[in-house]
Every structure is written in structure tokens, then in C-alpha cells.
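Enquirer: Here it is, the structure, as C-alpha cells.
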Amino acid sequence: MVGKKVVHHLMMSAKDAHYTGNLVNGARIVNQWGDVGTELMVYVDGDISLFLGYKDIEFTAPVYVGDFMEYHGWIEKVGNQSYTCKFEAWKVAKMVDITNPQDTRATACEPPVLCGTATGSLFIAKDNQRGPQESSFKDAKHPQ
């Protein structure tokens with residue numbers, strides 16, 4: 580891992596529901612990983628970057644309205660202008676009864692539930708690379 584892991588926290592709301600039964604579309608997870616990747620790029624080279632694409636996206640558990648999610652990301656490899664990142668989505672808490680909008684009871688997921696993984700490639704042009712902007716990324720080196 581290069582630098583540190585970035586983690587975003589988000590509760591899935593009613594606007595995230597896409598399917599019957601308050602199921603959230605997997606694209607919502609991918610969207611959050613994009614924000615995590617952007618934050619990583621700001622830390623490592625001071626630019627918001629261009630997301631080139633994902634590979635090996637795997638959804639491992641369903642996500643529902645009311646789920647509290649953590650989106651993790653870290654840099655695995657620094658290239659000349661590209662960065663290989665790993666992403667995970669974890670359910671850390673959930674509503675007790677998602678069928679009743681008046682029921683506000685929630686519970687922690689112990690252990691957290693892995694809901695998705697992916698590998699992503701991001702790009703920062705040489706002219707836009709400003710070097711590490713956060714101290715834990717000081718050892719990030721581009722190959723010569």
C-alpha cells in the first residue's frame with residue numbers, strides 16, 4: 580500500500596433505492612469509490628485525476644436503504660502517470676426493519692459485511708503531478 584487508506588462513510592437513503600425491496604443499485608457503490616479514488620489522487624499528487632476504469636468489480640452482498648456503508652480505497656501501485664487502486668465497500672450498520680419507514684431502530688454489523696470489491700486505474704498527466712500533498716504519501720515514487 581502506498582500512503583494511507585481513505586475511508587468515506589455514508590448512509591443509504593430512500594433516493595438510493597433502485598429496485599423492489601429498497602435494494603440499492605451497485606452503481607451507487609462504484610460512484611462512491613470514484614470519490615475515494617479522487618481523494619487518494621489529491622493526497623498522492625495534488626490533482627483530482629481522471630478515472631480510467633475499473634476491473635474485477637464484484638458485488639458480494641446486497642445493500643439496502645438505511646444501510647451505513649464505509650467505502651475504503653488505497654493505492655497499490657504508482658506508475659509514470661497511472662495509479663492502481665483497490666476498493667472495498669463495507670456495511671457497518673443496518674436498519675432493523677427496512678419495510679417500515681417509521682421504525683428507526685438500527686444495529687451494528689459485527690463483523691462488518693463486505694458488499695463489494697474492485698480494482699481501479701486513475702491517471703494524472705505528468706504536467707499536473709505536484710508530488711505528495713499529505714505526509715503519509717511522502718514515499719510515493721514514480722518510476723524513472
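Residues 580 to 723 (my numbering) are what the sequence shown spells out, left to right.
In this text, a Cβ means the ideal position worked out from N, Cα and C, and glycines have one as well.
Please read these numbers as outputs of a predicted model, since none were measured by experiment.
1) Assuming Leu619 and Gly658 make a contact with CB atoms under 8 Å, what is their CB distance in whole Å?
2) So Met620 is in the alpha helix (DSSP H); what residue range does that whole segment cover?
3) Taking only runs that begin and end inside the region 664-710, name each unbroken beta strand (DSSP E) of 3 or more residues, in chain order.
4) Compare the beta carbon distance of Gly625 and Arg709 with 9 Å and say whether it is the shorter of the two.
5) Roughly how many angstroms lie between the CA atoms of Phe638 and Ser714, to the nearest whole one?
6) Count the other C-beta atoms from every protein chain shown that fall within 10 angstroms of the C-beta of Ala668, then say buried if there are 16 or more, exposed otherwise.
7) Rounded to whole angstroms, what is the Cα-Cα separation between Glu692 and Pro641?
8) Please say whether Thr686 and Ala697 have beta carbons closer to each other than 9 Å?
Expert: Short version:
1) Contact between Leu619 and Gly658 does not hold, since their C-beta atoms are separated by about 14 Å, which reaches or exceeds 8 Å.
2) The continuous alpha helix (DSSP H) containing Met620 extends over residues 605-624.
3) You should have 685-702.
4) Cβ distance < 9 Å, so Gly625 and Arg709 count as in contact.
5) Approximately 33 Å between the Cα atoms of the pair.
6) So Ala668 ends up on the buried side.
7) Note on identity: in this sequence residue 692 is Val, with Glu being the wrong assignment. Rounded to the nearest angstrom, the two C-alpha atoms are 10 Å apart.
8) It is not a contact, given that the beta carbons lie outside the stated cut-off.
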